[in-house]
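Only one structure is covered here, and it is reproduced in the block below.
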Amino acid sequence: MQVFGNKKGGKHSGGSNNTERAEAHVQREDEYIPQSDSVEKIKEKRSKKAKKKKTRKVILTILIILAVLLVGAYIAIEYFTEPPDTDNSGLKGDEDKIEAGVTNGRYNGMYTFMVVGLDKVGNNTDTIMVGCLNVVDGELNVINIPRDTLINSGYNVKKINYVYPACINNNKDAIGELKLALEDMLGFGIDKYAVIDISAAEQIVDTIGGVEFDVPTDMHYDDPVQDLHINIDAGLQKLNGEQTVQVLRFRNTYAGGDIQRIGVQQDLFKAMASQILSLGNVPNIGKLIDIVENNTETDLTADNIRFYIKEFLLLDKDNINFYTLPGDTSGSIFGLSYVYPYIDEWLELVNDKINPWEKKVDIENVNMVTYANGNFYSTTGELKGGVTSFMHYEAGTSVAGAGVYPYTSSVTDNTN
1392 MQVFGNKKGG KHSGGSNNTE RAEAHVQRED EYIPQSDSVE KIKEKRSKKA
1442 KKKKTRKVIL TILIILAVLL VGAYIAIEYF TEPPDTDNSG LKGDEDKIEA
1492 GVTNGRYNGM YTFMVVGLDK VGNNTDTIMV GCLNVVDGEL NVINIPRDTL
1542 INSGYNVKKI NYVYPACINN NKDAIGELKL ALEDMLGFGI DKYAVIDISA
1592 AEQIVDTIGG VEFDVPTDMH YDDPVQDLHI NIDAGLQKLN GEQTVQVLRF
1642 RNTYAGGDIQ RIGVQQDLFK AMASQILSLG NVPNIGKLID IVENNTETDL
1692 TADNIRFYIK EFLLLDKDNI NFYTLPGDTS GSIFGLSYVY PYIDEWLELV
1742 NDKINPWEKK VDIENVNMVT YANGNFYSTT GELKGGVTSF MHYEAGTSVA
1792 GAGVYPYTSS VTDNTN
């Protein structure tokens, strides 16, 4: 028996065909390689193929990880959500017409809320918003209430943003009192509330990878007392979390005062919403839920928060709308600035955008006061505490001589 050589015609021949088998093996591995190719070229081609295989593996791994994160996020927000309870007591003044436990005349899928942005320095409620999430129509409407809005309050400073700190200083229910003050303006009960530490915006923006925003004006301001130092130039740029909070808090050089500041905040909120709704931020949903839960005083449960986030993610960014209470922003009462609400326009805005009831809110359902033509006009016919109850009251001024009359229409000069 021959030990060496190839088998040819029943016999083993020399070892020359071993080379042929090796070359055939190379051809199977590298498909076709011309015999004229050098060893270096062969190695180069093999290296390229290896890199392609490695790249495909990396991409596949990333896709698998992303799929796992997406499935996890979906499970978290799909199966651990619960819509919030709703206030079914009807419009103010109509409570006796509502059958207990029955949502007579209330639209399904509409959830009202109050959101307060709290600056812990002085317990200032610098951002006050009321809104409604309509999960049936896929729409979110939010109305900003200017901080200097005149309200029918027993306090000597009759501004909406004075209610919260005044209650804190007098050991009262600050959230409850502010909620009641807003319900007086709305004419119906607010389902849920959330008081958010403004620093939460910093964490949210950093989590979503920053927010692209066109800063409308140079923002440079230093206040050592508040440890507030703002140094942001105007122009389109990507803001990090700290810069976002600075833009939200800045108010010093706006020609339009607080109303212009509200407009900038609304534009920034829209930009943040658009960034959150982008596909790339889906894996961050769990982190966003944690940030909201850890930085919010609210009567929402954890499942309620996940419900809101789930429904928010289903929204089209064009269906997220911000509005501002209509009013005269140039008002002043005994040296303090006030916004005098345009009550008719306000009721129209409420009914069109956030009223969850089939019945329209009218002046009989609200407790509001405004000032025009040298007099105060109240939907209840009275001003709590009277004119003399205002801080810095000065007898003999034009406001001191103002009368208080029932509000009946927007033509206030004919009311009295």
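With the numbering used here, the residue at position 382 of the sequence shown is 1773, and numbering never jumps. Heads up, the beta-carbon is just placed ideally off N, CA and C, and yes, glycines get one too.
Q. First and last residue of the alpha helix (DSSP H) that includes Asn1685?
A. Counting along the chain, the alpha helix (DSSP H) containing Asn1685 begins and ends at Ile1676 to Asn1685.
Q: Assess, as a yes-or-no matter, whether the segment 1599–1606 is touched by the segment 1626–1635 under the definition of 3 or more beta carbon pairs within less than 8 Å.
A: yes
Q. Is the CB-CB distance between Phe1504 and Leu1482 below 9 Å?
A. No, Cβ-Cβ distance for Phe1504 and Leu1482 is not below 9 Å.
Q | DSSP-derived helix/strand/coil call for Gly1567 | A | For Gly1567, the three-state secondary structure derived from DSSP is helix.
**Q.** Nearest to Leu1619 (by Cα), restricted to the options Leu1451, Arg1640, Asn1514 and Leu1627
**A.** Arg1640
Q: With DSSP as the reference, label Ile1650 as helix, strand or coil.
A: Correct three-state label for Ile1650: helix.
Q.
With the cut-off set at 9 Å, would you say Val1586 and Thr1687 are in Cβ contact?
A. yes
Q: Would you mind reading off the limits of the alpha helix (DSSP H) that contains Asp1703?
A: Here residue 1703 is Phe; the residue named in the question, Asp, does not match the sequence. That run of the alpha helix (DSSP H) goes Ala1693 to Leu1704.
(Q) Looking at the secondary structure, which residues open and close the beta strand (DSSP E) in which Lys1583 lies? (A) Lys1583 to Asp1588
Q. Can you find a CB in chain B that lies within less than 9 Å of the CB of Ile1621?
A. Any reference to chain B falls outside this structure, which holds one protein chain only.
Q) Do the CB positions of Asp1753 and Leu1738 come within less than 9 Å of each other? A) yes
Q | Element boundaries [beta strand (DSSP E), containing Asp1605] | A | Taken as a continuous stretch (DSSP letters only), the beta strand (DSSP E) holding Asp1605 covers Val1602 to Val1606.
(Q) If distances are taken between C-alpha atoms only, which option among Asn1495, Thr1516, Val1521 and Ile1489 comes closest to Tyr1502? (A) Val1521
Q: For Gln1617, name the three-state secondary structure that DSSP assigns.
A: coil
Q.
Between the alpha carbons of Glu1684 and Asp1588, how many angstroms are there, rounded?
A. 11 Å
Q. Can you name, in chain order, every residue of its own chain whose Cβ lies under 6 Å from the Cβ of Gln1666, other than the five neighbours on each side?
A. Sequence-distant partners of Gln1666 (beyond 5 residues in either direction) whose C-beta falls short of 6 Å from its own C-beta, in its chain, are Ile1599 and Val1602.
Q) If you run the structure through DSSP and keep just helix, strand and coil, what is Ser1769? A) strand
Q: Can you give me the Cβ contacts of Ser1789 inside the same chain, cut-off strictly under 7 Å, excluding the 5 residues immediately before and after it?
A: Gly1765
Q: Report yes if the CB atom of Tyr1798 is closer than 9 Å to the CB atom of Ile1724, and no otherwise.
A: Between Tyr1798 and Ile1724, the C-beta gap is not smaller than 9 Å, which leaves the two residues out of contact.
Q: For the beta strand (DSSP E) holding Gly1626, just list the boundary residues, first then last.
A: Gly1626 to Leu1630
Q | Residue environment, Glu1574, which counts as buried when at least 16 other CB atoms sit within 10 Å | A | buried
Q: Apply the 10 Å Cβ neighbour rule to Gly1794 and answer buried if 16 or more other Cβ atoms are within range, or exposed otherwise.
A: exposed
Q: Within 10 angstroms of the Cβ of Asn1695, are there 16 or more other Cβ atoms? Answer buried if so, exposed if not.
A: buried
(Q) At the level of alpha carbons, what is the spacing between Asn1552 and Gly1626? (A) Here the alpha carbons of Gly1626 and Asn1552 stand approximately 31 Å from one another.
Q) Going along the chain, which residues of its own chain have a beta-carbon closer than 6 Å to the beta-carbon of Ile1534, five neighbours each way excluded? A) Val1521 and Tyr1714
Q) Where does Met1663 sit, in a helix, a strand or coil, going by DSSP? A) helix
**Q.** Cβ-Cβ distance between Val1655 and Asp1539 below 9 Å
**A.** no
Q) Rounded to whole angstroms, how far is the Cβ of Glu1530 from the Cβ of Phe1698, which I believe are closer than 8 Å? A) Contact flag wrong, Cβ pair sits at about 16 Å.
Q: Put Thr1540 into one of helix, strand or coil per three-state DSSP.
A: strand
(Q) Buried or exposed, going by whether 16 or more other CB atoms sit within 10 Å of the CB of Pro1615? (A) exposed
Q: Could I get the ranges of all uninterrupted alpha helix (DSSP H) runs contained in the segment 1472–1524, with 4 residues as the minimum, in chain order?
A: DSSP assignment within the segment 1472–1524 yields no whole alpha helix (DSSP H) run of 4 residues or more.
Q.
Using the Cβ count rule (16 or more neighbours within 10 Å means buried), how would you classify Gly1787?
A. exposed
(Q) Give me the residue from Ser1728, His1611 and Ile1536 with the minimum Cα distance to Val1507. (A) Ile1536
Q) Under 9 Å between the Cβ atoms of Ile1595 and Met1610? A) no
Q. So what's Ala1365 in DSSP terms, helix, strand or just coil?
A. With the chain running from 1392 to 1807 in the structure shown, residue 1365 is simply not present.
Q.
Measuring straight from C-alpha to C-alpha, what distance separates Glu1755 and Leu1668?
A. 40 Å
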